[in-house]
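Going line by line, the protein sequences match chains A and B. Counted from 1, the first sequence has number 1005 at position 1005 by UniProt numbering; the numbering is strictly sequential. Counted from 1, the second sequence has number 14 at position 14 by UniProt numbering; the numbering is strictly sequential.
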Amino acid sequence: MQRLYVGGLSHTITQKDLKDRFGKFGQVEDVELRTRKDDEGVPYKTFSYININITDADLKKCMTVLNKSKWKGGTLQIETAKESFLHRLAEERQMAEQQRLLPPAAEDQKQKMLDSLSKAGVENFTMKAAVPGTEVPGHEDWVVSKFGRVLPVLQLKCQKGSRARTLKYDPSKYSHNIRKLDRPSADQSASDLPTPVSQLTWELQGGDDDISKKRRGEFPAYEPPKRKKSRTDAVNLLKAEGKPRLKQSVDSVALTEAPQVTNGHKPPSAVRPAQRKGPPLTLSDIDSDDEIHKIVAVQSSSHNALQQEEDEDKLEVVGLDYLVTPGRARQQQKGGDEEENDYDSADTDELLASRKPPPPRSSSPPPQERPTLTAGNISGNNTDRKRKTKKKSKAEEEEDDSTDAEEPSTQKRQTKKQSKKMKVLPVVKPSSSESESDDDEEEEECESADSSSDSDYEAMFSNVTRLEISLADLQKLAEEFQDTSETTAPSSLSVSEQETKPPKKGTTPEEILAALMEDDSSEEEEQQPKKKKKKRKADATTQLLPAFKGTKALNEGSETEEGQKEEEEGEGTEVKKLKVDHKATSSKMNGQKHTETESSEDEEEDEEEEEEEPKKKKAVVKNMAEKAESVSSSSSDEEEEEEEEQENKGKVFKTMAKKAQKESSFSSDEDEEEEEVPKANQNVLPSKAAAASSSSSSSEEDEDEILPAKDAVKAAPPPAPHSESSSSEEEEEEEEKQAPLRVPLGAKEEEERQRKANIRRLAAVQQRQKETEENKKLIQGALANLDAPAAGAGKHIVFGSDDEDDEEADSDDEQQTTSEIKTPKKTLFQDSQSEDEAPGHKNTSTKEKLSGTHLFGSSEEEEDADEEEDGSRFDIRPEFEGRAGHKLMELQSRFGKDERFKMDSRFLEQNEDKEEESEKKKSGTEEEEALEEERKKSLSILQSVLGISQHTSSSSKATSKAKTFRDVSALHYDPSREEHAAFETKTEETKKESKAARRKKREEAQKLPEVSKEIYYDVSGDLKAVFGLTKEEEEEDAVAVAEKEETNWDQEEEKKKEQEEAGEQVEQPSLESSLPSAEKEEASGFKFSFFGDDVETGSGETAEYKIESIQAPKLSWQQDPRFHDSSSDEEEEKGQEEEEKTQSNVIAKIEETPTKTGLFFFYPEDSRLTEGPKLFCRSSQLEEQKEQWEERRTELRQEYRKKHKDARRKLKTSVKS
Amino acid sequence: MRPLTEEETKVMFEKLSKYIGDNIKLLVDRPDGSYCFRLHNERVYYMSEKILKLATNISRDKLVSVGTCFGKFTKSIKFRLHITALDFLAPYAKFKVWVKPGQEQSFLYGNHVLKSGLGRITENTMQYQGVVVYSMTDVPLGFGVAAKTTQECRRVDPMSIVVFHQADVGEFIRNEDTLT
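Put into structure tokens, the structure is as follows:
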């Protein structure tokens, strides 16, 4: 099959033509016709490929025939062509298929060679037993080499220099270096087997040292070089060192943070130690000290850095409205103080108090015991206890007395006292609930606590400082105290003060007081039955309360002392003082509850001691003289008098028989005591009664001293202090009196009196017993409801012992009032006492009436009197009524309510008063005015300083009124209101005016150059003469101009609004509130109606030209405009008025109808109008004028010519040169 | 003892206003009675009218102090606030700075407040604004002048001064003899 190319065909030829034409020579299988076309699509070449089965001869024939023959307008050109690629491809593929099917010839060759080699005796390219170098038979180019291996001889082409030559490499000749690598045989041991590379271990044995490690490929973690004090490094280091360190730092940070919150000063101190501690703990792996040090340093610095960072983060920015809470601060501070006591210089007391452990005492009475016991129980217990205690006390007393008796009277006071103290103390100890047996203690405590609830108890003890002081401590303290007391009374004071302080720490005094009161009331109630029992037994009373035992013991001690005292009478007062001190101490130790009150009492006592000493002496002197005087005699100290009287006469002048009885009984008691009869305790009852009735102390000190004790015992704690105080006061007084009194007193008298008193006492005792029986019943009944009335009952003694009040009541009305006045000035506790008194009074009295008991029977009458007093006490004394009265009171209070300086109404001078008052008023008002002015001034200055307008209040009250809420949105115009009228007009005006003003300004600005001066002066000349001279006007001008200049018109508007507001809020006083608002309105109205006025009045010139005189705002620039406004406004106002007046006058003079016509520039008969037309008329003859003109003309001509010539000449010369 | 002149008042108020702004009017115009400023020994005392009256009983040369001393006028008629005025500045202060506990002492010894000791600051404090210095427990310690604005305070390095010291309560001890 041939493929022919036929070219040069005409375009019209078809495949069929070609087939037909070539069909003659062979079988045409396929005709492929192609036409080439140019760009326009015009065929320019046509050719075809023909596949034809043709023989070579036919092909030649065909070629000769058809080649270069012309056919259908074209010359045929026939050539044999390559096979069609498709055809070829098919053929190739076919060939490949065929080849694949055919066995590969090369392999055959190889195989052949191998076969031939094997034939030649070669096995696996080895020929055994062959001398190296021998050729393999049958193969020339294969040689046997070492070990019988058959290797090919190689023809190596090597190019040395320019010519190439072939080298024959015969392996047999180079075979020496060939080694035999034997394959491991199967029988070889496994150990000899070479391990694969992947399984090779590369393990190197070695020590732990660095080199071996490195050999092993273990390198330590990379540590970057440390640079000192570089923050980042430090941080890195921290990180590198791992978690523990980080934690540490975090901890320390936390540390710093926490204390900052709680306590101001800790953090720095807390941080440092933590840091220092940290490293050694965490960095155990670091070897050398140096390293550690370094690290520490780094850490600290880094820590600082950290902190700093933190700080930066922490920097708080607070809004303006951040509230400072000092309260919180206080609290925190407090906390801090508590935490670190040494931090602030608190009082030692506080320190003590804070240091003291929680009161251990409270634990001693178990709560089970404490709960309120039934009456029966109580009574039973009480009796038992009483017995016990009685015995004890008796024994103690005896001891004391004996010792005292033994003591030589000549002993020095100090030593005595000390010894006494020592003796007393043991007494105190057992009595103060720390007795030998725990049981006793508990019981007693129970009694003391009795019905008080736990909370009360705790509250009570929370106040107490020395509660937990041990016996030894107490003793020591007592001794110390004695010493101090001996030396100085004030020291005791201070001590007592110390005592008073502790309550501060915990609860408020009021709370404490309340707690105490409750306690006491309840206790009292329970005590009352006890009292009855006491009466029966007459002894046991004192033991009831441990607190009071101490006092009692002390009293006993003091009694003994007194016994001695009688021997050494001269020393009386001092001793007493000391005693008082003793008491203070003892009470301190014992009566934990009453520490505060006692201390206050002590203070009082001391004071009173000092005060009363002169008084008493006086009184004594008096007494001697005026024995016949009645009880209600004018002497202020009734009590004293009474005492004296009693002492002196043996019998008393007192009106009340009972009192006398009691007193006598007292005396008997006293005797008994002195005799040291075991019964002595019976005294308690009468003495108590006496105390309650506030009978003014018996004739002898002993009694008195017992009294307080008893009072204390009887009275529940709150009254107790009171009673104690009063009693102690009494004591002092009496004692002090005694010293002088004793001297005059005869021994006989005393004896007599005592006897009588004893008799009376006995009678009284019997009576008492009956009464107590009754009482008991009543009280048991009353015990059902323990609350209020009982409390009242508790105060009974308070009242009774409150001698002063009674005295005052009896002696003088005024005094009462003074006392009333006084009370508030007293200490808190006294205050409360006095307050309590009133209700206490009533309660007690009512109770008495109800029960009909004579518990305090002897005092009944007195109490009645007291009641009356009570009633009248709260009436305002006539002298103190009204203004004058008030003044009097003030006058009195100026002297500290000292009785000596008491003043009655006589001291008030009526006339003077008024004058003074008026004077005062005058001066006051003047001063006030001055101050007010000053304030205003300063406010105005403040304004100028701050540059703000402040409508502050001239007076706060006014502002408070004025500052009522104003809803701006709800603000609307109410035509009915006058204020709003101002409001209304202004808004419109302002706008118009402002516009007008603007226009005017503009006009002015344009006009200024245009307006000729002549006109200006002409027109305004006379007006200026009129107005320009007045000072006000000038100022006004200046101000107006200044305003204009300073404030552009919108600001003006604002201002105006402000002012309108001001006008509207008439009542709101502004800084310059001195100006009435109306004026202001006017002022404001004037201020901006400058042009408006002009417009209205039509006197345009004045205004206009005034404005044009914008020269110098003389003053305004250096003064604050606002400040100036107020003053200038006034002036302006005046100015305006004047102006108006003058205007009218002047205008009336100059022109008849000046304002009405409303011409803007000209008014009729204006001078300008009259003068103006003249300018248009000829003044002289025409000829003359002509002549003149000609003359002038010639002159001018000549001149011109001359000038011309000159000019020319000059030109020439200039050209020449 | 005399009332302040206008100029003096102005100078003083200008100084005061740096610390308490327009709260001065609360000092001048008090609801609880009339209070006034008085000049005595070149010192300005702030006192109530009552005390003023009482003080008139004491001769001028014997009078050491009345009311509260706010400060004194220098010879060049400048006003120096004293620490005694702190009681009145602190409650009305507009701008405050709280000092960390660590720097409290430093400040109380008369040193400036550094950034590191700055615990808290009122926002928008301007430079050279008078500020009252508090401890973190809100106890006023003194006053000074802000050396940096609040924004700058955030940025500056820890050792830079933030508040210039003017007066601190430590002066009560240090200047015991001169304070009145």
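For each residue, glycine too, the CB sits at the ideal point set by N, CA and C.
- Counting along the chain, no beta strand (DSSP E) covers B/His112, and no H or E run does either.
- Under the 8 Å criterion on CB atoms, B/Lys10 is classed as interfacial with respect to chain A.
- With a 10 Å radius around the Cβ and a threshold of 16 neighbouring Cβ atoms, B/Leu118 comes out buried.
- In the three-state scheme derived from DSSP, where H, G and I count as helix and E and B as strand, B/Glu123 is classed as coil.
- The CB of A/Glu934 comes closer than 8 Å to the CB of Pro3, Cys36 in chain B, given here in chain order.
- In the three-state scheme derived from DSSP, where H, G and I count as helix and E and B as strand, A/Phe125 is classed as coil.
- Ranked by Cα distance from B/Phe70, the options B/Val133, B/Leu16, B/Val169, B/Met159 are led by B/Leu16.
- Remark: fewer than three beta-carbon pairs, one from each stretch, lie closer than 8 Å, so the stretch 27 to 47 of chain B and the stretch 109 to 125 of chain B are not flagged as touching.
- Beta-bridge partners of A/Val143 (DSSP): A/Glu135, A/Leu151.
- Taking a beta-carbon distance threshold of 8 Å, A/Gly885 does not count as an interface residue toward chain B.
- Neighbours of B/Ile24 in chain A, taken as residues at a C-beta separation under 7 Å, are given in chain order as Leu942.
- Listed by position along chain A, the residues whose Cβ is nearer than 9 Å to that of B/Phe13 are Ser938, Ile941, Leu942, Ser944, Val945, Leu946.
- Listed along chain B are Thr122, Glu123, each with a C-beta nearer than 8 Å to that of A/Gly319.
- With contacts defined by Cβ atoms closer than 8 Å, A/Ile941 and B/Lys53 do not form a contacting pair.
- Ranked by how close their Cα comes to the Cα of B/Gln103, the residues B/Ser76, B/Asn175, B/Lys62, B/Met136 have B/Met136 in first place.
- The alpha carbon of A/Gly73 has as its nearest neighbour, out of A/Ser10, A/Glu1187, A/Met1, A/Lys24, the alpha carbon of A/Ser10.
- Of all residues in the stretch 55 to 80 of chain B, none places a beta-carbon less than 9 Å from a beta-carbon of chain A.
- DSSP places B/Ala147 outside both helix and strand once states are collapsed to three, so it counts as coil.
- Below 8 Å, enough C-beta pairs join the stretch 147 to 154 of chain A and the stretch 118 to 128 of chain A to call them touching: three or more.
- For B/Leu141, the secondary structure class from DSSP, reduced to helix, strand or coil, is strand.
- Distance from the CA atom of B/Met12 to the CA atom of B/Ala147, rounded to whole angstroms, is 22 Å.
- Under the 10 Å beta carbon count, B/Thr68 is surrounded by 16 or more other beta carbons and is classified as buried.
- Check the Cα spacing between B/Phe95 and each of B/Asp61, B/Lys50, B/Lys18: the tightest is with B/Lys18.
- Using a Cβ-Cβ cut-off of 8 Å, A/Tyr322 counts as an interface residue toward chain B, since at least one Cβ of chain B sits closer than that to its own.
- In chain order, Arg935, Ser938, Leu939, Leu942 make up the part of chain A whose C-beta sits under 7 Å from the C-beta of B/Val28.
- Counting along the chain, A/Leu33 sits inside the beta strand (DSSP E) bounded by residues 27 to 37.
- Cβ proximity to chain A below 8 Å picks out Thr150, Cys153, Arg154, Pro158 from the stretch 141 to 166 of chain B.
- In the DSSP assignment, A/Asp17 falls within the alpha helix (DSSP H) that extends over 15 to 22.
- When DSSP states are grouped into helix, strand and coil, B/Thr180 belongs to the coil group.
- Chain A has no Cβ within less than 8 Å of the Cβ of B/Glu176.
- With its beta carbon at least 8 Å from every one in chain B, A/Leu783 lies outside the interface.
- Taking the CA atoms as reference points, A/Leu117 sits about 20 Å from A/Tyr169.
- Shown here, B/Asp168 sits in a strand according to DSSP, grouped into three states.
- At least one beta carbon of chain A lies nearer than 8 Å to the beta carbon of B/Glu6.
- Within chain B, the residues placing a beta-carbon under 7 Å from that of A/Leu931 are Ser34, Cys36, Glu49, ordered along the chain.
- The beta carbon of B/Ser17 sits closer than 8 Å to some beta carbon of chain A.
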